[in-house]
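Numbering (this note's numbering), first residue to last: 185 to 481.
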């Protein structure tokens with residue numbers, strides 16, 4: 185989609201010069217420590233569902249010629265320096281979202297916390313970047329945007345990171361609300377001929393993985409680099425920029441109103457009904473979820 189930019193390396197250089205004029209570059213190892221300060225240490229992986237970690241994907245040269253495309257790895261605090269150099273730095277394909285997961289799988293159903301809300305803005309040249317600069321950090325209004333924590337360059341596009349002061353717990357209904365908030369702000373951020381040379385807006389999941397800082401964009405053989413553009417943010421701050429109030433996240437609404445009566449629940453989920461309602465056993469029974477996710481009945 186970024187073929188609208190003809191000379192990609194020239195464009196990359198111009199955008200890099202503009203960003204570096206205003207902001208300081210941040211190296212990849214430090215970048216992820218900032219976003220995920222609470223990753224566990226190796227050896228403390230106990231299966232405790234209250235201790236989520238970042239998970240990233242990377243290309244391993246050993247898989248060349250096989251059907252395996254990427255490997256999955258948990259980002260651990262005490263081994264991160266070594267792991268970053270071995271698995272991420274200069275790697276042609278690495279991906280990481282802004283979420284932390286319980287267990288070892290980076291699917292949305294296992295996402296427990298959002299450390300950063302991340303947006304993709306494709307086909308950005310220096311003119312589009314200047315237009316973006318004119319919109320970020322202004323008071324909430326038409327086409328204005330919150331001040332991002334980081335702006336990351338990846339090929340011909342940008343990744344816009346909003347890192348939360350405190351990670352957002354991803355209860356079922358919070359995931360849905362976060363999706364709505366992200367869609368709202370994506371529409372504001374992505375304006376054809378203003379902030380992007382690409383007409384088609386790309387709406388993405390909150391679980392979307394992004395090329396990792398310090399790796400290489402294998403499409404164009406260009407490094408993925410990050411710039412510190414602001415501070416950590418609060419959810420209230422991000423919410424204030426949503427155009428429609430219905431797209432703002434209400435952290436008090438953790439669950440959608442149940443669609444089942446207790447009678448219907450007894451018929452549809454007899455094992456759960458017997459254990460939780462009849463016997464009053466609200467122990468999580470090896471479910472890797474927060475306690476109040478299970479207690480909400």
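Glycine residues also receive a C-beta, built at the ideal position from the N, C-alpha and C atoms.
Computed from a predicted model, the values in this text were never measured in an experiment.
**OP:** Look up residue 208 in the DSSP assignment and give the residues it is bridged to.
**Re:** By one-based count along the chain shown, residue 208 stands at place 24. The partner list for residue 208 (beta bridge, DSSP) reads 412.
**OP:** Report the residue ranges of all alpha helix (DSSP H) runs contained in full by the segment 236-313; include only those spanning at least 4 residues, in chain order.
**Re:** The segment 236-313 contains these whole alpha helix (DSSP H) runs: 264-267.
Subject >> Whole-angstrom C-beta distance between residue 283 and residue 298, which should lie under 8 Å >> reply: The sequence position of residue 298 within the chain shown is 114, counting from 1. The sequence position of residue 283 within the chain shown is 99, counting from 1. Yes, they are in contact, since the Cβ atoms of residue 298 and residue 283 sit about 5 Å apart, within 8 Å.
Original post:
Under the three-state reduction of DSSP, which class applies to residue 460: helix, strand or coil?
Top reply: Within the chain shown, residue 460 is the residue found at index 276, counting from 1. Residue 460 falls in the helix class under three-state DSSP.
Subject >> Rounded separation between residue 276 and residue 461 - CA only >> reply: For this step, residue 276 is matched to residue 92 along the chain shown. For this step, residue 461 is matched to residue 277 along the chain shown. If you take the alpha carbons of residue 276 and residue 461, they lie about 52 Å apart.
**OP:** Mark residue 204 as exposed unless 16 or more other C-beta atoms lie within 10 angstroms of its C-beta, in which case mark it buried.
**Re:** By one-based count along the chain shown, residue 204 stands at place 20. With fewer than 16 other Cβ atoms within 10 Å, it is exposed.
Original post:
Over what stretch of residues does the beta strand (DSSP E) that includes residue 337 continue unbroken?
Top reply: Locating residue 337 in the chain shown gives position 153, where the first residue counts as 1. Taken as a continuous stretch (DSSP letters only), the beta strand (DSSP E) holding residue 337 covers 334-338.
Original post:
Around the Cβ of residue 303, are there at least 16 other Cβ atoms within 10 angstroms (buried) or fewer (exposed)?
Top reply: For the purposes of this step, residue 303 is taken as residue 119 along the chain shown, with counting starting at 1. Classification for residue 303: buried.
Subject >> Cβ shell of residue 392 (< 8 Å), same chain only, five flanking positions each side left out >> reply: Numbered from its first residue, the chain shown carries residue 392 at position 208. The beta carbon of residue 392 is closer than 8 Å to those of 281, 302 and 304 in its chain, skipping five residues each way along the sequence.
Original post:
Going by the beta-carbon positions, is the gap between residue 370 and residue 384 smaller than 9 Å?
Top reply: Counted from its first residue, the chain shown places residue 370 at position 186. Counted from its first residue, the chain shown places residue 384 at position 200. Against a cut-off of 9 Å, the Cβ pair of residue 384 and residue 370 comes out as no contact.
**OP:** Determine the DSSP secondary structure at residue 199, reduced to helix, strand or coil.
**Re:** Taking the chain shown and counting its residues from 1, the one referred to as residue 199 is at position 15. It is helical.
Subject >> Neighbourhood of residue 419 by C-beta, 8 Å cutoff - its chain only, sequence neighbours within 5 removed >> reply: Position 235 of the chain shown, counted from the start, is the residue given in the question as residue 419. Cβ within range, chain order: 348, 352, 433 and 435.
Original post:
With a CB to CB cut of under 6 Å and the five nearest residues on each side skipped, what residues in its chain are close to residue 402?
Top reply: Counted from its first residue, the chain shown places residue 402 at position 218. Annotation for residue 402: 276 and 277 place their beta carbon closer than 6 Å to its own, counting only its chain and skipping 5 residues before and after.
Original post:
Beta carbon of residue 415, beta carbon of residue 361: below 9 Å?
Top reply: Numbered from 1 along the chain shown, position 231 holds the residue referred to as residue 415. Numbered from 1 along the chain shown, position 177 holds the residue referred to as residue 361. Note that the C-beta distance between residue 415 and residue 361 is not below 9 Å.
**OP:** Can you tell me which of the three DSSP states residue 438 falls into?
**Re:** Stepping through the chain shown from its first residue, residue 438 is reached at position 254. In the structure shown, residue 438 adopts coil according to DSSP, grouped into three states.
**OP:** Please list, in chain order, all residues of the same chain as residue 381 whose beta carbon is under 7 Å from its beta carbon, the five residues on each side excluded.
**Re:** On the chain shown, position 197 is the one that residue 381 refers to. Same-chain partners within the cutoff: 188, 189, 307, 309 and 312.
Subject >> Between the CA atoms of residue 319 and residue 410 - distance to the nearest angstrom >> reply: For this step, residue 410 is matched to residue 226 along the chain shown. For this step, residue 319 is matched to residue 135 along the chain shown. Each residue's alpha carbon lies about 19 Å from the other.
**OP:** Locate the beta strand (DSSP E) running through residue 350, then write down its first and last residues.
**Re:** Here residue 350 refers to the residue found at position 166 when the chain shown is read from its first residue. Segment 341-353, the beta strand (DSSP E) holding residue 350.
**OP:** Note down the Cα distance separating residue 340 from residue 248, rounded to an integer number of angstroms.
**Re:** Locating residue 340 in the chain shown gives position 156, counting from the first residue. Locating residue 248 in the chain shown gives position 64, counting from the first residue. Rounded to whole angstroms, the separation of the alpha carbons of residue 248 and residue 340 is 26 Å.
**OP:** State buried or exposed for residue 405, treating a residue as buried only when at least 16 other CB atoms are found within 10 Å of its CB.
**Re:** Counting from one through the chain shown, the residue named residue 405 turns up at place 221. The residue is exposed, with fewer than 16 neighbouring Cβ atoms inside 10 Å.
Original post:
To the nearest angstrom, how far is it from the Cα of residue 244 to the Cα of residue 365?
Top reply: What you label residue 244 is simply residue 60 of the chain shown in a count that begins at 1. What you label residue 365 is simply residue 181 of the chain shown in a count that begins at 1. If I take the Cα positions, the gap works out to 35 Å.
Original post:
Got a sec? Which residues, its chain only, sit under 6 Å from residue 476 by beta carbon, not counting five neighbours each side?
Top reply: As a first step, residue 476 is located in the chain shown; it is residue number 292 there, counting from the start. With a pLDDT of only 48 at residue 476, under the threshold of 50, the placement of this residue in the model should not be trusted, and no figure is reported.
**OP:** Measure the C-alpha to C-alpha separation of residue 350 and residue 426 and round it to an integer number of angstroms.
**Re:** By one-based count along the chain shown, residue 350 stands at place 166. By one-based count along the chain shown, residue 426 stands at place 242. When rounded, the distance between both Cα atoms is 20 Å.
Original post:
In terms of DSSP beta bridges, what is residue 329 paired with?
Top reply: Start at 1 with the first residue of the chain shown, and residue 329 comes out as number 145. 320.
Original post:
Which residue from 255, 321 and 271 puts its Cα closest to that of residue 329?
Top reply: By one-based count along the chain shown, residue 329 stands at place 145. Taking only the C-alpha atoms, the option nearest residue 329 is 321.
Subject >> Extent of the continuous alpha helix (DSSP H) run through residue 366 >> reply: Along the chain shown, one-based indexing puts residue 366 at 182. For residue 366, the enclosing alpha helix (DSSP H) stretches over residues 356-373.
**OP:** Pull up the distance between the alpha-carbon of residue 421 and that of residue 454, whole angstroms please.
**Re:** Your numbering for residue 421 matches position 237 in the chain shown. Your numbering for residue 454 matches position 270 in the chain shown. Each residue's CA atom was taken as its position, placing residue 421 and residue 454 some 43 Å apart.
Subject >> Spatial distance of residue 334 from residue 345 (CA atoms) >> reply: Residue numbering aside, residue 334 sits at position 150 when the chain shown is read from its first letter. Residue numbering aside, residue 345 sits at position 161 when the chain shown is read from its first letter. Their backbone Cα atoms lie some 5 Å apart in a straight line.
Subject >> Option nearest residue 254 by Cα separation, candidates 221, 241, 225 and 200 >> reply: By one-based count along the chain shown, residue 254 stands at place 70. Measuring from the Cα of residue 254, the nearest candidate turns out to be 241.
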